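> I have a structure I would like to understand better, so I am pasting it below and will then ask my questions one at a time.
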Amino acid sequence: MRAGRVGVGLVLGYSPCVREIDPALARDFARALGPWFAAHQRDLEWRRTRDPYSIWVSEIMLQQTRVDTVRSYYTDFLRRFPDVGTLAAADEESVLQAWSGLGYYRRARLLHRGARYVHGELGGEVPATAEALRKVPGIGRYTAGAIASIAFDRPEPLVDGNVARVLSRLLDIDDPKHQGADAAVHWGWARAILEAGSPRVLAQALMELGATVCTPQNPRCDECPTRALCSAKAAGRQSLIPAPKKKSASTEHELWAVAIARRGRILMERRPAQGLLASLWCLPLLPRAGGRTRPRPAEIRAATGIQVRTVKGDAEAEPVRHVFSHRVWKLWPCTAAVVGDLEAPPGMMWIAAGERPSGGIPRVTEKILARLGY
DNA sequence: GAATCGTGGCG
DNA sequence: TCGCCAAGATT
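Here our numbering is used: the first residue of the first sequence is 810, the next is one more, and so on.
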């Protein structure tokens, strides 16, 4: 039985998996972490401000998204929407346009809705407490803690994937059920750590340590300011924590991407308001069955309502492959010619090469357009 | 609780 | 090449 551990498992005879909060360890950890962060933190755009709105924007963008991807989006977004009022007054279309290519577009819609909530209901003041922040659309448990601690320097806990990994190793938590960001043990420890020093510094330091030192693979323990405190390191188990997650199956979809063309222009289509790539612009897509070289005009008409004449496919061409989080698209470009004038139907728009609809355009659309020379 | 929701970098 | 997964929230 390892010392310093408690839990019902102890009573039942199982291996105890959760360590109760030890204020002395939390304090020592914070004392090692703070100075390390001061010396080693990366120079990131959102660390140059204390503006709660700007930090809010950064936290939404950083959800499930790498720092290097976010940087340019963050700068451009704040130039375009410098404050809550500007974002609240903006069209959703322009917000999605600024988000194009960043992924998880629901975040943009929720951030926009959140700005309207803060502007309309709270007089434009971003809440300072995690409890109030949680009422803002798009702000969940993590983001509420992040904004409260980083922007307002309050000791409100935050646990993301980085923090969960750092703490799982610090405490040598071997039960996968208690290794994730939803584990109560991490939230308790995170609070204790933030209370032991500057919440603003320690919140960022916890994540910075996880991102740059206590990495998922090959952690750099020799560079870690807290290695002397780390139970996993002491046991030589740091590479076993956290345990690998089970992956959900990914389904593959083969689709025609139809370029309905007339005189150098093609039709773009706004996708449905719900589901994958909601409300974003793409080419009309339709299922590709059984290795045919091109879709039938009747299939295109059924999917788009548009009567086309000739349809050309390129049987030799490689499909455009696009991987989403839980599915894969194999897109086979084809061209369908329209004869005579055709007004763009509702939700559709003609574009020439280099033109784009105003609104959100996902990366997969750019891939297809590049293939087609648009 | 599980499924959904993008994209890109890295080993 | 391909699987992994990153400063998660919502339903």
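We put the CB at the ideal spot given by N, CA and C, even for glycine.
Keep in mind it's a predicted model, so treat the numbers as computed, not measured.
Would a C-beta distance cut-off of 8 Å place Phe-886 and Ala-899 closer than the cut-off?
With respect to Ala-899, Phe-886 sits apart: the two C-beta atoms are not nearer than 8 Å.
> Tell me, please, whether the stretch 1008–1015 touches the stretch 833–853 by the rule of three or more beta-carbon pairs shorter than 8 Å.
Output reads yes: the stretch 833–853 touches the stretch 1008–1015.
> Taking the beta carbon of Ile-1170 as the centre, do at least 16 other beta carbons fall within 10 Å, making it buried, or is it exposed?
buried
> When DSSP builds the beta bridges, which residues end up paired with Ala-898?
Bridge partners of Ala-898: none, in fact.
> What is the DSSP secondary structure of Ile-864, counted as helix, strand or coil?
helix
> What are the boundary residues of the beta strand (DSSP E) that His-928 is part of?
Segment 915–930 is the alpha helix (DSSP H) holding His-928; no beta strand (DSSP E) there.
> Give the DSSP-derived three-state secondary structure of Pro-891 in the structure shown.
coil
> Take Leu-1092 as the anchor and find which of Val-876, Leu-1049, Trp-1141, Ser-1057 has the nearest alpha-carbon.
Measuring from the Cα of Leu-1092, the nearest candidate turns out to be Trp-1141.
> From Ser-824 to Gly-910, what distance separates their C-alpha atoms?
At Ser-824 the pLDDT is 42, less than 50, meaning the model places this residue with poor confidence; the figure from the coordinates comes in the next sentence. Their Cα atoms are separated by approximately 46 Å.
> Excluding the 5 residues preceding and the 5 following Arg-1000 in the sequence, name in chain order all residues of the same chain whose CB lies nearer than 8 Å to its CB.
Pro-964, Glu-965, Pro-966
> Is Glu-868 buried or exposed, if buried means 16 or more other CB atoms sit within 10 Å of its CB?
buried
> Do Leu-1064 and Pro-1096 count as a contact pair if the criterion is CB distance below 8 Å?
yes
> Rounded to whole angstroms, how far is the Cβ of Lys-1176 from the Cβ of His-1131, which I believe are closer than 8 Å?
6 Å
> Please report how far the alpha carbon of Ala-835 lies from the alpha carbon of Trp-998, in whole angstroms.
7 Å
> How long is the line joining the alpha carbons of Val-815 and Ile-830, rounded to whole angstroms?
For Val-815, the pLDDT reaches just 38, beneath the cut-off of 50, and the residue's location in the model is therefore unreliable, although a value from the coordinates is still provided. Using only the alpha carbons, I get a separation of about 10 Å.
> Is Ile-1177 helix, strand or coil by DSSP?
helix
> Is it the case that the stretch 981–989 contacts the stretch 1039–1054, given that we only count it when at least three CB pairs across the two stretches are under 8 Å?
yes
> Helix, strand or coil, according to DSSP, for Pro-1096 in the structure here?
strand
> Where Cys-1143 and His-1062 are concerned, what is the direct C-alpha to C-alpha distance, given to the nearest angstrom?
16 Å
> Drop a sphere of 10 angstroms on the beta-carbon of Asp-794, count the other beta-carbons inside from all chains shown, and report buried for 16 or more, exposed for fewer.
Absent from the structure is residue 794, since the part of the chain shown begins at 810 and ends at 1183.
> Does the separation of the CB atoms of Ala-1146 and Val-1067 fall below 8 Å?
With contacts defined by Cβ atoms closer than 8 Å, Ala-1146 and Val-1067 do not form a contacting pair.
> What does DSSP give as the partner residues of Lys-1139 in its beta bridges?
Paired residue(s): Glu-1063, Arg-1130.
> Judging by CA-CA distance, which residue of Asp-1123, Val-1120, Ala-1087 is the nearest neighbour of Arg-918?
Ala-1087
> Take Val-817 and list the residues in its own chain whose beta-carbon comes closer than 6 Å to its own, dropping the five residues that flank it on each side.
In this prediction, Val-817 scores a pLDDT of 35, lower than 50, which makes its location untrustworthy; the coordinate-derived value is nonetheless stated afterwards. So no residue of the chain qualifies.
> Applying the criterion that 16 or more other CB atoms from any shown protein chain within 10 Å of the CB defines a buried residue, is Glu-1078 buried or exposed?
buried
> Return the residue from the list Gln-1083, Val-1173, Ala-1005, Trp-1138 that minimises the CA-CA distance to Arg-915.
Gln-1083
> Compare the beta carbon distance of Ala-973 and Ala-953 with 8 Å and say whether it is the shorter of the two.
No. Outside cutoff.
> Please state whether DSSP places Ala-999 in a helix, a strand or coil.
helix
> Rank Gly-989, Ile-1109, Ala-993 by C-alpha distance to the C-alpha of Pro-1025 and give the top, closest one.
Gly-989
> Under DSSP, the alpha helix (DSSP H) around Val-975 begins and ends at which residues?
970–979
> Do Val-1120 and Pro-1104 have their CB atoms nearer than 8 Å?
yes
> Quick test of your reading: Arg-922 and Gly-894, contact by CB under 8 Å. State the CB separation rounded to the nearest angstrom.
That pair is no contact at about 15 Å.
> Under 8 Å by Cβ, that's how I've got Trp-1090 and Pro-1166 pegged, so tell me the actual separation to the nearest angstrom.
At roughly 5 Å, the Cβ-Cβ gap stays under 8 Å, so Trp-1090 and Pro-1166 are in contact.
> Using DSSP with H/G/I as helix, E/B as strand and the rest coil, what is Leu-821?
Here the model assigns Leu-821 a pLDDT of 33, short of 50, so the residue's position is not dependable and the matter cannot be decided.
> Give me the DSSP bridge partner(s) of Cys-1039.
Cys-1039 pairs with nothing; no bridge assigned.
> Excluding five sequence neighbours on each side, which residues of the same chain lie with their C-beta closer than 8 Å to the C-beta of Gly-1163?
Tyr-1183
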